[in-house]
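K.L.:
Submitted below is the structure of interest, expressed as structure tokens.
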Amino acid sequence: MWAAPSRWGWLNLLTPKGLFAHDTYNKLFTMHGIIMVFFFLVPSIPATLGNFLVPPMVGARDLAFPRINLLSWYIYIVGGIFAITAIVRGGVDTGWTFYAPFSSTYSNTHVILAAIGVFVSGFSSILTGLNFIVTVHKMRAPGMTWSRLPLFVWAHYATSLIQVLGTPVIAITIVLLGMERVLHAGIFDPALGGDPILFQHLFWFYSHPAVYIMILPGMGVISEIVACFSRKSIFGYGFVAFSSVAIAVLGFLVWGHHLFVAGQSMYASMVFSFISFLVAVPSAIKVFNWTATMYRGSVSYDTPMLYAFGFIGLFTIGGLTGLFLATMAVDVHVTDTYFVIAHFHYVMVGGMVMAYLGGVHFWFPKITGRLYPEGWAKFAALVVFVGFNLTFFPQFVLGYLGMPRRYAAYADEFQILNVMSTAGASILGVGYLIPMIYLAWAWRYGPKSPQNPWGAKGLEWEQSPTPPPTFNFDVPPVMNEPAYNYSGEEKEVEIGR
Amino acid sequence: MGALSIFPPRASTTAGEVDALYGFLLVVGIGMTALIFFFVFFFAIKYRRRSPDERPKAIHGSIPLEITWSVIPFLVMLVMFAWGTKLYFQNYTPPRRDTLDIYVTGKQWMWKIQYPDGQREINELHVPTGRPVKVTLASEDVLHSFFLPAFRLKHDVVPGSYQTFWFEATKPGRYHIFCAEYCGTNHSQMIGWVTVMDPVSYETWLSAGAGGSSMAELGQKLFEQYGCVSCHVLDQQGRCPSLRNVFGNPVKLEDGRTVIADEAYIRESILNPNAKIVSGYKRDVMPVFQGQINEEGLLQLIVYIKSLSNPPKPAAAKTAAAAGKRSPQ
Ligand code: HEM
Ligand SMILES: [Cu+2]
Ligand SMILES: [Cu+2]
Chain A
20 MWAAPSRWGW LNLLTPKGLF AHDTYNKLFT MHGIIMVFFF LVPSIPATLG
70 NFLVPPMVGA RDLAFPRINL LSWYIYIVGG IFAITAIVRG GVDTGWTFYA
120 PFSSTYSNTH VILAAIGVFV SGFSSILTGL NFIVTVHKMR APGMTWSRLP
170 LFVWAHYATS LIQVLGTPVI AITIVLLGME RVLHAGIFDP ALGGDPILFQ
220 HLFWFYSHPA VYIMILPGMG VISEIVACFS RKSIFGYGFV AFSSVAIAVL
270 GFLVWGHHLF VAGQSMYASM VFSFISFLVA VPSAIKVFNW TATMYRGSVS
320 YDTPMLYAFG FIGLFTIGGL TGLFLATMAV DVHVTDTYFV IAHFHYVMVG
370 GMVMAYLGGV HFWFPKITGR LYPEGWAKFA ALVVFVGFNL TFFPQFVLGY
420 LGMPRRYAAY ADEFQILNVM STAGASILGV GYLIPMIYLA WAWRYGPKSP
470 QNPWGAKGLE WEQSPTPPPT FNFDVPPVMN EPAYNYSGEE KEVEIGR
Chain B
6 MGALSIFPPR ASTTAGEVDA LYGFLLVVGI GMTALIFFFV FFFAIKYRRR
56 SPDERPKAIH GSIPLEITWS VIPFLVMLVM FAWGTKLYFQ NYTPPRRDTL
106 DIYVTGKQWM WKIQYPDGQR EINELHVPTG RPVKVTLASE DVLHSFFLPA
156 FRLKHDVVPG SYQTFWFEAT KPGRYHIFCA EYCGTNHSQM IGWVTVMDPV
206 SYETWLSAGA GGSSMAELGQ KLFEQYGCVS CHVLDQQGRC PSLRNVFGNP
256 VKLEDGRTVI ADEAYIRESI LNPNAKIVSG YKRDVMPVFQ GQINEEGLLQ
306 LIVYIKSLSN PPKPAAAKTA AAAGKRSPQ
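Chains as they are written, first to last, in the working numbering: chain A, 20 to 516; chain B, 6 to 334.
And the structure:
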């Protein structure tokens, strides 16, 4: 369902004039953004893999508050119902960013319904974060020290911190927006005495950290996969774990890089630019450490590892183009163009969705107790990689050439690159469809999986039966070795010795 | 520049500089990508699994390596930061030289452009080469963004305040104007053309369009029409300040502060007079004009008040910009 709107959107951009009415296109990209960001990217890994795997990975029977966990699921559904109602009743045309005063005064679409959807789903996010934090602190099995915690768990822990601290801000922002739209309180609309830049500050104060809510869990997945399929303990475990927390903290201090051309003080911009470069360092550290993990390893090319390769490559490009955007004079030219679109799709679709697919393939045997067809899976991973690059790479060029984002129609000279992009999107669509089909098939008819098909380390593979019983373990687990102990060491080794 | 160039036309003094910085970023970016791809492929192939029961020895990490790959990239990033910041300040701070001032008002879904001499255009901007042009941006409704790809510049247009940036065109031709901030249904139609002309053709173009009233004259008409004149000129009891030589000069306020009378200050003084009271005068005397005068008219009034400063001070906005306050509102 979530993939469809982007495809329609691409179809629209086959021709310069566009195939759809402008309002229709505007509603499509808004709906695409809202659903993807708030209802897919934010919850995807934490709510599926995270919920399933954090407890067994730390050696717990369940999350600390199973009922709150269920509640967060219901809240998500209610939020989703609001968003879908907004769409069914005619849609929203503000963009997922809801910038005022367009959203608060000018738009005559279902802004309030969609905003309530986002508001409500935020609570689901907060509760999930809360649950993970408490679980990690309180429910670890004997021997599961902080320095033995799987990096997947570290990443979820950092994500949870952001969710708990950041999400209330977007909730407040939405409430203020609603007050202005319904009660005409002058908060953001200058005609009512408000300040439109204030909205952007509030919005990005959440939404920049939110991009790390989206990517950190993906980074956690990649750490697990790279270690397992290299049969090596993670290179620089402490650095990888700590960089997640560094990203979570620094991520709160860079929101102003979305306002370089918005009329923010130039000195503020300078500070935000500087911190944006700083936050790139821990991301780079992760990439280097994953690569180094393979050194002198035993690398196999199973499907999850193919996705991890894809992730490392695409996230590198996404992250490096982030540096272009943090460089202010270049950002002035490329902000609000397709360059930004390409950048965040490299990070979020190239990074986060690749990690998600990698994680799904990695833990599929664990979760369902069955194996999927490896040949099809490898083929699909390749199709996704090719389709992705064909879709989004041309957009970097388009952006620097000056094609603004959110355009229902565009200047003729941009057509060739747009056609390439649309073609790529079709391939990418097929690439996503294939796993949906064979995974659904394998869930029912796939051959039974052995206990630990990859020979992976970690309590969830070694001490919990496959597929796990309701409370994960038949015998209470004990962690009696270092993390990622692929080479069978007795106890932890300090690095540098 | 061929059809498949990755650079749009370069038509301003800054375009080449931004492209050079972009080129540097591309080199670093492609270099880093190549490095990582190389190591990923190299390790993946060299250390591929040869037998199912391989047990490689653990390598837990290396502090010197961690330091190297944190510090070196960071140093490179410092270069990006310094270079990008320098250029950014340069592009957003209008020069002290005499600028050609142009006023742009964004409105769903068109650009209205006014020249000091009184020419007005919609979705068309004409500028000469070789002269710095200062653009003052106002919005009648929602956010827009005035984007000139051939000049590598854009700035958001923010309702309720003035935003400024400047450029100096170098190459005659016709280039795109785009709206780059989503503004509703016809956002993608809020487009136009900037025509860059050599100074001689520009003069010809200007005089062809002349004949109407200049912006200052239009402003003077509004000044009479809205009754400003009855207080600010005719009032003999000293209840109202004279507006001569206000623009560009410091104004002492009732609360003791001193502010420079730039466009933003004049704008606020008209729309919401009680926000800042001139020292020695009373609040609630001047009527509130919020919602009464449209943005174009407001700009004309401001140009008129500017013209009362003799000799006209070079735009006060840059004093404010130098102080790091670009949108005092
Ligand atoms: C390597 C570190 C990164 C840096 C330095 C960076 C930098 C930036 C900058 C400066 C912008 C603002 C561009 C503009 O609007 O002109 C931006 C936009 C964006 N980034 Fe990143 N980024 C990084 C990583 C990420 C990650 C990890 C994600 C998501 C998982 C992400 C998602 C986004 C999104 C969604 C936008 C666009 C928001 C919008 O305007 O709709 N970025 N990035
Ligand atoms: Cu950001
Ligand atoms: Cu627009």
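Here a beta-carbon is modelled for each residue, glycine too, at the ideal position from N, C-alpha and C.
Could you say if the stretch 297–306 of chain A and the stretch 499–512 of chain A meet the contact criterion of at least three C-beta pairs nearer than 8 angstroms?
P.N.:
no
K.L.:
Taking the alpha-carbon positions, what's the tyrosine 524 of chain A to threonine 387 of chain A distance?
P.N.:
Look at the range of chain A in this structure, 20 to 516, and you will see that residue 524 of chain A is not part of it.
K.L.:
Taking the C-alpha atoms as reference points, what is the distance between valine 259 of chain A and leucine 170 of chain A?
P.N.:
8 angstroms
K.L.:
Please tell me whether tyrosine 187 of chain B has its Cβ less than 8 angstroms away from any Cβ of chain A.
P.N.:
yes
K.L.:
For histidine 408 of chain B, verify whether its CB is less than 7 angstroms away from any heavy atom of ligand 3.
P.N.:
Outside the shown range of chain B, which is 6 to 334, sits residue 408 of chain B, and nothing can be said about it.
K.L.:
Anything in chain B within Cβ reach of leucine 355 of chain A, meaning under 7 angstroms, just list it in chain order.
P.N.:
Residue identity differs from the one stated: residue 355 of chain A is aspartate in this sequence, not leucine. Correct list: Ser150, Ala185 and Glu186.
K.L.:
Beta carbons nearer than 9 angstroms to chain B: which residues of the stretch 303–337 of chain A have them?
P.N.:
Residues Ala303, Ile304, Val306, Phe307, Asn308, Trp309, Thr310, Ala311, Thr312, Met313, Tyr314, Arg315, Gly316, Ser317, Val318, Ser319, Tyr320, Met324, Phe328, Ile331, Gly332, Thr335 and Ile336.
K.L.:
For glycine 36 of chain B, is the classification buried or exposed, using 16 other Cβ atoms within 10 angstroms of its Cβ as the cut-off for buried?
P.N.:
exposed
K.L.:
Can you give the Cα-Cα distance for proline 413 of chain A and valine 368 of chain A, rounded to whole angstroms?
P.N.:
15 angstroms
K.L.:
Can you name the residues of chain A whose CB is closer than 7 angstroms to the CB of serine 166 of chain B?
P.N.:
Gly282
K.L.:
For chain A, is any of its Cβ atoms less than 8 angstroms away from the one on serine 247 of chain B?
P.N.:
no
K.L.:
Looking only at C-alpha atoms, which of A:Trp92, A:Ala133 and A:Met233 sits nearest to threonine 104 of chain A?
P.N.:
A:Ala133
K.L.:
What does histidine 160 of chain B touch in chain A if you count any residue whose Cβ is under 7 angstroms from its own?
P.N.:
Those are Val280, listed as they occur along chain A.
K.L.:
In terms of alpha-carbon separation, which member of B:Phe152, B:Gly165, B:Ser219 and B:Asp260 lies closest to glutamate 186 of chain B?
P.N.:
B:Phe152
K.L.:
Within the present structure, is the beta-carbon of valine 273 of chain A separated from the nearest heavy atom of ligand 2 by less than 7 angstroms?
P.N.:
yes
K.L.:
What residues from chain B crowd round phenylalanine 358 of chain A, counting only those whose CB sits closer than 7 angstroms?
P.N.:
The contacting residues do not exist; phenylalanine 358 of chain A stays about 10 angstroms from chain B at best.
K.L.:
So which of A:Leu478, A:Phe39, A:Ser445 and A:Asp355 has the shortest CA-CA distance to aspartate 161 of chain B?
P.N.:
A:Asp355
K.L.:
With distances taken Cα to Cα, identify the nearest neighbour of tryptophan 274 of chain A among A:Val230, A:Phe224 and A:Ala287.
P.N.:
For the set A:Val230, A:Phe224 and A:Ala287, the Cα lying nearest the Cα of tryptophan 274 of chain A is the one of A:Phe224.
K.L.:
Taking C-beta pairs closer than 7 angstroms, name the residues in chain B that isoleucine 216 of chain A reaches, listed in chain order.
P.N.:
Per Cβ cutoff of 7 angstroms: Val163.
K.L.:
Aspartate 42 of chain A CB to nearest chain B CB: under 8 angstroms?
P.N.:
yes
K.L.:
Starting from serine 288 of chain A, trace the alpha helix (DSSP H) in both directions and tell me its first and last residue.
P.N.:
285–313
K.L.:
Under 7 angstroms: does the beta carbon of glutamate 186 of chain B sit that close to some heavy atom of ligand 5?
P.N.:
For the structure depicted, ligand 5 is absent and the ligand set comprises only ligand 1, ligand 2 and ligand 3.
K.L.:
Under 7 angstroms: does the beta carbon of valine 230 of chain A sit that close to some heavy atom of ligand 2?
P.N.:
yes
K.L.:
Given a limit of 8 angstroms on CB to CB distance, which residues of the stretch 65–84 of chain B reach chain A?
P.N.:
Using a CB distance below 8 angstroms, the part of the stretch 65–84 of chain B facing chain A consists of His65, Gly66, Ser67, Ile68, Leu70, Glu71, Trp74, Ser75, Pro78, Phe79, Met82 and Leu83, ordered along the chain.
K.L.:
Classify histidine 203 of chain A: buried if its beta carbon has 16 or more other beta carbons within 10 angstroms, exposed otherwise.
P.N.:
Counting Cβ neighbours within 10 Å, histidine 203 of chain A comes out exposed, since fewer than 16 surround it.
K.L.:
So, do the stretch 281–291 of chain B and the stretch 190–204 of chain B have three or more beta carbon pairs nearer to each other than 8 angstroms?
P.N.:
As far as the Cβ criterion goes, the stretch 281–291 of chain B does not touch the stretch 190–204 of chain B, which means the pair count is below three.
K.L.:
At a CB-CB cut-off below 9 angstroms, which residues of chain A make contact with aspartate 146 of chain B?
P.N.:
Pro120, Phe121, Thr124, Tyr125 and Ala210
K.L.:
Assess contact between the stretch 59–79 of chain A and the stretch 143–162 of chain A, defined as three or more Cβ pairs (one per stretch) separated by less than 8 angstroms. Is contact present?
P.N.:
yes
K.L.:
Give the secondary structure of cysteine 188 of chain B by DSSP, where H, G and I count as helix, E and B as strand, and everything else as coil.
P.N.:
coil
K.L.:
Kindly indicate if chain A contains any beta-carbon less than 8 angstroms away from that of valine 23 of chain B.
P.N.:
yes
K.L.:
Let me know the secondary structure DSSP gives phenylalanine 252 of chain B once reduced to three states.
P.N.:
coil
K.L.:
Within 8 angstroms of any Cβ in chain B, is that where the Cβ of phenylalanine 258 of chain A sits?
P.N.:
Output row for phenylalanine 258 of chain A: interface = yes.
K.L.:
How should aspartate 203 of chain B be labelled, buried or exposed, when 16 other C-beta atoms within 10 angstroms of its C-beta is the threshold for buried?
P.N.:
Answer is exposed; the Cβ neighbour count stays below 16.
K.L.:
Measuring only between beta-carbons, confirm whether threonine 104 of chain A sits less than 8 angstroms from chain B.
P.N.:
With its beta carbon at least 8 angstroms from every one in chain B, threonine 104 of chain A lies outside the interface.
K.L.:
Give a yes or no on whether 8 angstroms exceeds the smallest Cβ distance from serine 193 of chain B to chain A.
P.N.:
Look at serine 193 of chain B: its C-beta is under 8 angstroms from a C-beta on chain A.
K.L.:
Measuring alpha carbon to alpha carbon, tell me which of B:Ser206, B:Cys188, B:Val84 and B:Ala280 ends up nearest aspartate 260 of chain B.
P.N.:
Distances from the CA of aspartate 260 of chain B to each of B:Ser206, B:Cys188, B:Val84 and B:Ala280 were compared; the closest alpha carbon is that of B:Ala280.
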